[in-house]
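Using my numbering, the first residue of the sequence shown is number 3, and each one after it goes up by one. See below for the structure under consideration.
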Amino acid sequence: MLYGRAAEQERLAGLLAEARAGRSGALLLRGEAGIGKTALLDWLAGTAAAPAEEGTTGDRGTTGDRRATGDGETAGDGREVRVLRVTGVEPEADLAFGGLVQLLWPVQDRLNALPAPQAAALRAILGTGREQRGPDRFLTGLAVLTVLAELAEDGPLLCLVDDAQWLDRATAEALLFAARRLAAEGVAMVLAGRDDDGFTAPGIPELTLPRLDFEDSSRLLADRGRAPALHSQIITESAGNPLALIEFDAARSDQPHQHAPLPVADRVSSAFRARIGGLPERTRLMMLIAAAEGRGDLPLLLRASELLGVDLGDLAEAERTGLMYVMDGAVTFRHPLIASATYQGAVLARRIAVHRALAEAATDPDCRARHLLAVAT
């Protein structure tokens with residue numbers, strides 16, 4: 003359930019309705035860490051899964067390419083809504099086109115429909131073509147626009163970009179090039195990025211998520227079973243940040259928080275670092291491997307962890323405490339701040355050792371190159 007986001011949900015639902023009607027649009031969600039950007043993207047992906055005429059919503063997100071049709075239901079015009087999703091990850095911020103590979107890999111079979119120069123540019127990025135030269139920026143942006151339009155020929159397309167502040171520059175440029183030129187294809191693109199990390203999207207409408215007011219914050223705490231007498235203190239400390247409300251409540255934050263003078267996002271990160279620091283060393287190492295890998299690739303994590311002398315069972319304590327979970331063949335952090343706190347909290351030598359193990363364990367050349375680059379830099 004989302005709290006205090008009715009106006010934002012209405013704006014996003016309108017964007018999706020426009021796409022279902024064959025009109026395109028883009029929107030940038032801005033807000034501090036923990037404000038609920040990912041939750042809104044998950045909500046929108048679930049809404050795309052509901053028949054348009056019912057206007058119902060779901061509670062699950064999507065990764066990669068997924069036809070968002072619930073139990074076989076279709077959009078209002080009888081066609082399925084396709085959802086493409088990419089999430090920026092901090093360790094890949096310097097890997098050119100890493101985000102674009104994540105976004106387009108599931109639909110690479112549609113490149114045949116593109117003009118030959120555009121198809122060649124995207125195949126070079128995906129590592130499936132013969133072109134050896136670096137792709138031209140204009141041609142790449144145009145190719146992304148064309149492939150999105152091609153996909154929308156089948157039905158409405160929803161493109162979700164989370165943690166945009168961690169996208170590599172080449173991917174961000176290509177996606178924004180396409181977003182600014184969307185018109186009547188039936189494509190809805192929603193990007194979400196932190197408002198304090200320098201990510202800009204000129205020409206794209208923005209929607210800034212405010213902190214929750216006292217009433218909505220109190221509802222959130224009440225639904226979690228927190229006694230009303232303690233609401234005021236927790237709400238004051240969290241400053242209406244939803245993630246902070248949950249974390250400070252879980253930490254029994256009716257006691258004074260030692261990092262209260264810090265900005266709320268920093269206080270949440272500090273709280274995560276404290277929780278991570280209290281875990282067994284083997285658990286922290288497994289979490290670091292997952293944070294450095296960044297994509298939740300379980301087979302790769304298992305191979306790398308074996309090289310470092312740990313295994314999947316060492317994540318049990320992290321799962322028990324709700325910091326991360328293993329599901330459907332993927333390892334996932336509950337919130338990107340947890341992955342960031344894990345990675346940034348590790349000493350440089352440990353991070354290098356982990357990237358070296360991931361490079362050795364990788365079977366994909368691009369993946370191996372990415373981790374070798376991290377070792378070198």
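Beta carbons: idealized from backbone N, C-alpha and C, even for Gly.
Taking C-alpha positions only, Pro137 is separated from Gly143 by approximately 10 Å.
Per the C-alpha coordinates, the member of Leu245, Ala166, Gly311 positioned closest to Gly38 is Leu245.
Per DSSP, the beta-bridge partners of Thr210 are Arg32.
Distance check between Leu304 and each of Glu283, His337, Ala332 places Ala332 closest, using alpha-carbon atoms only. Distance check between Met288 and each of Glu155, Leu309, Arg87, Asp199 places Leu309 closest, using alpha-carbon atoms only. Ranked by Cα distance from Leu102, the first of Thr148, Leu375, Ala174, Leu31 is Ala174. Classified as buried, Met191 has 16 or more neighbouring CB atoms from the shown chains inside 10 Å of its CB. Per the coordinates, the alpha-carbon of Thr40 lies some 10 Å from the alpha-carbon of Leu31. With a cut-off of 8 Å on Cβ pairs, the stretch 182-202 is not in contact with the stretch 94-114, counting fewer than three such pairs.
Between the stretch 337-353 and the stretch 273-293, the count of Cβ pairs shorter than 8 Å is three or higher; the stretches touch. Closest in C-alpha terms to Gly315, from the list Ala28, Ala194, Gly296, Arg286, comes Arg286.
Only exposed fits Ser234, as fewer than 16 other CB atoms lie within 10 angstroms of its CB. The alpha carbon of Arg84 has as its nearest neighbour, out of Phe140, Ala361, Gly157, the alpha carbon of Gly157.
The DSSP-derived three-state label of Ala332 is strand. The three-state secondary structure of Arg196, taken from DSSP, is strand.
Val103 sits in a helix when the DSSP states are folded into three classes. The alpha-carbon separation between Ala185 and Pro207 amounts to approximately 14 Å. At a cut-off of 4 residues, the continuous stretches assigned as alpha helix (DSSP H) that sit fully inside the stretch 351-378 are 367-378.
Under the DSSP assignment, Val91 falls outside any beta strand (DSSP E); it carries neither an H nor an E label. Sequence-distant Cβ neighbours of Leu222 in its own chain, meaning closer than 8 Å and more than five residues away, are Tyr5, Leu214, Pro244, Leu247, Ile248. Ranked by Cα distance from Gly27, the first of Ala52, Arg183, Leu106, Phe335 is Arg183.
Checking the DSSP bridge columns, you'll see Ala190 partnered with Gly27, Leu160. Separation of the CB atoms of Glu321 and Val328 is rounded to 7 Å, and the pair is thereby assigned contact status at 8 Å.
The beta carbons of Leu209 and Arg87 sit no closer together than 9 Å.
In this structure, Ala154 is the residue among Ala154, Arg139, Pro93 with its C-alpha nearest to the C-alpha of Arg22.
In terms of CA proximity to Cys369, Gly129 leads the group Gly129, Gln110, Ala9. Judged by beta-carbon spacing, Asp165 lies within the 9 Å limit of Ala194, meaning their Cβ atoms are closer than that value. In its chain, beyond the 5 residues on either side, Asp96 have a beta carbon closer than 8 Å to the beta carbon of Thr379. For a cut-off of 8 Å, the C-beta gap from Leu162 to Gly188 is around 16 Å, too long to register as a contact.
Counting every other CB atom within 10 Å of its CB across the protein chains shown gives Glu295 a total of 16 or more, marking it as buried.
In the structure shown, Tyr5 adopts coil according to DSSP, grouped into three states. For Ala126, the closest alpha carbon among the candidates Ala151, Gly100, Leu147, Leu150 is that of Gly100.
A direct Cα-to-Cα measurement between Arg358 and Ala293 gives close to 14 Å.
Residue pairing from DSSP places Tyr327 in a beta bridge opposite Thr334.
According to the DSSP assignment, Thr49 belongs to the alpha helix (DSSP H) that extends over 39-50.
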